[in-house]
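S.K.: No gaps in the numbering here: position 18 of the sequence shown is 18 in this note's numbering, and each next residue is one more.
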Amino acid sequence: MKIADLIGWFETWAPPAWQEKWDNCGWQIEPGIMADTARVLVCLTPTLAVMQEAIALQNQGTAVNLIFAHHPLIFSPLKAVIQGDAVSDMVRLSITHRIGVYSAHTNFDQVADGTADVLAQALDLQDCSPVVSTQINIGYGRVGISPRL
């Protein structure tokens with residue numbers, strides 16, 4: 001699947017428009033890879049260590065070209081890109097190695113089968129509903145009954 005198709009499918013399921021006003025979901029860095037076949041590394045937070053792992057995988061023959069993260073890399077506008085700053089180094093390495101960084105944060109937290117539902121399923125919760133509804137049958141968190149108690 002091409003990266004453009006993967007992101008298009010994901011954004012249909014968890015639209016970036018559902019993110020909170022303070023959030024920064026979606027592309028963090030897109031270094032011209034939309035037409036490439038998706039080779040994805042998934043992580044919670046896109047750190048310099050994650051980027052270094054993606055580069056190491058490339059060097060070992062696994063052509064990683066997309067870091068798909070839950071948390072955004074960039075929360076507020078960058079004022080400068082300076083060597084030695086972690087976010088700046090991520091930008092430089094992303095472009096140099098053609099590894100995109102995409103974030104699905106608060107849009108993914110509330111969507112059906114997103115973060116909260118996966119955790120609820122892992123805990124085997126029954127009769128779940130959102131803690132804070134944002135739309136019909138979706139929202140933040142899940143509350144349910146644990147059959148294990």
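Backbone N, C-alpha and C fix where the C-beta goes; we use that ideal spot for every residue, glycine too.
1. Quick test of your reading: V143 and I29, contact by CB under 8 Å. State the CB separation rounded to the nearest angstrom.
2. Can you find a C-beta in chain D that's less than 9 Å from the C-beta of P130?
3. Between which two residues does the alpha helix (DSSP H) containing S103 stretch?
4. What are the start and end residues of each continuous beta strand (DSSP E) run of 3 or more residues lying completely inside the stretch 53 to 135, in chain order?
5. Is it the case that the Cβ atoms of A104 and H70 are separated by a distance below 9 Å?
6. Have a look at F75 and W22 and give me their C-alpha separation to the nearest angstrom.
7. Helix, strand or coil for G32, going by three-state DSSP, please let me know.
8. How do the stretch 45 to 64 and the stretch 86 to 95 stand: do at least 3 beta-carbon pairs fall below 8 Å, yes or no?
9. How would you label P130, buried or exposed, when you count the other beta carbons within 10 angstroms and need 16 or more for buried?
10. Please report the distance separating the alpha-carbon of Q126 from that of V118.
11. For T37, which three-state DSSP category applies?
M.R.: Checking against the coordinates, here is how it stands:
1. That belief does not hold up - the Cβ atoms of V143 and I29 are roughly 36 Å apart, past 8 Å.
2. This model lacks chain D altogether, as it is built from one protein chain only.
3. Under the DSSP assignment, S103 falls outside any alpha helix (DSSP H), being part of the beta strand (DSSP E) whose first and last residues are G100 to S103.
4. Listed in chain order, the complete beta strand (DSSP E) runs (minimum 3 residues) inside the stretch 53 to 135 are 66 to 69, 100 to 103 and 126 to 135.
5. Cβ atoms of A104 and H70: closer than 9 Å.
6. Answer to the nearest angstrom: the Cα atoms are 8 Å apart.
7. In the structure shown, G32 sits in coil (DSSP, three-state: anything other than H, G, I, E or B).
8. Cβ pair count under 8 Å is three or more, so yes.
9. Around the C-beta of P130, 16 or more other C-beta atoms lie within 10 Å, and the residue is accordingly described as buried.
10. Between Q126 and V118, the alpha-carbon positions lie close to 13 Å from each other.
11. It is a strand residue.
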